[in-house]
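Have a look at the structure below before the remarks.
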Amino acid sequence: MVDVLNKSYQLCDPMNECTPSLPPLLTFINQVAQNALVLASPVVLVLLLSEVFLGLLSRFAPQMNAFAISLTVKSGIAVLIMLLYFSPVLPDNVLRLSFQATGLSSWFYERGRTHVLE
Numbered sequence: 001m002v003d004v005l006n007k008s009y010q011l012c013d014p015m016n017e018c019t020p021s022l023p024p025l026l027t028f029i030n031q032v033a034q035n036a037l038v039l040a041s042p043v044v045l046v047l048l049l050s051e052v053f054l055g056l057l058s059r060f061a062p063q064m065n066a067f068a069i070s071l072t073v074k075s076g077i078a079v080l081i082m083l084l085y086f087s088p089v090l091p092d093n094v095l096r097l098s099f100q101a102t103g104l105s106s107w108f109y110e111r112g113r114t115h116v117l118e
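FYI, the UniProt record's numbering numbers position 118 of the sequence shown as 118, with every residue one higher than the one before it.
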């Protein structure tokens, strides 16, 4: 993801005139689309499987409100997928954020003034 952002600045430098030629731009868009597909495909597949499961559940148990259950089930599945996706980097980033909170609060209330409304 950071590599794509870096290549976007190489393709179109914000400090200079930005008139990229068409082939590098198409290559960049192709790479972004491929990365998005690779990142999103496991989540889409799991949510599709949950839809199939909930469809079968509503077919075999028609008295059960499948729509009300689907909201809870799909939210839980989405949280679990996010935990699986971000589990390698989540603990380090959360710990780093907890140490940055004091610096953030000192920035908000620097010298008796607040930066929020400025």
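Ideal Cβ placement from N, Cα and C applies to all residues, glycine included. Please read these numbers as outputs of a predicted model, since none were measured by experiment.
Start and end residues, alpha helix (DSSP H) containing residue i
i, result
"residue 35", "22-60"
"residue 82", "66-86"
Buried/exposed call for residue i, threshold 16 Cβ in 10 Å
i, result
"residue 118", "Unreliable placement is indicated for residue 118, whose pLDDT of 45 sits below 50; no coordinate value is reported for it."
"residue 14", "exposed"
Rounded straight-line distance, which links the Cα of residue j to that of residue i
i, j, result
"residue 23", "residue 3", "19 Å"
"residue 30", "residue 91", "32 Å"
"residue 38", "residue 7", "18 Å"
"residue 12", "residue 26", "13 Å"
"residue 40", "residue 62", "32 Å"
"residue 59", "residue 46", "20 Å"
"residue 44", "residue 69", "19 Å"
"residue 84", "residue 67", "26 Å"
"residue 87", "residue 81", "10 Å"
"residue 19", "residue 42", "36 Å"
"residue 34", "residue 5", "14 Å"
"residue 17", "residue 36", "28 Å"
"residue 32", "residue 10", "15 Å"
"residue 71", "residue 21", "46 Å"
"residue 56", "residue 28", "41 Å"
Short CB-CB distance (under 8 Å) between residue i and chain B
i, result
"residue 42", "The displayed structure is made up of one protein chain only, and chain B is not part of it."
- prompt: Between the region 73-81 and the region 43-61, are three or more C-beta pairs nearer than 8 Å?
  reply: Output reads yes: the region 43-61 touches the region 73-81.
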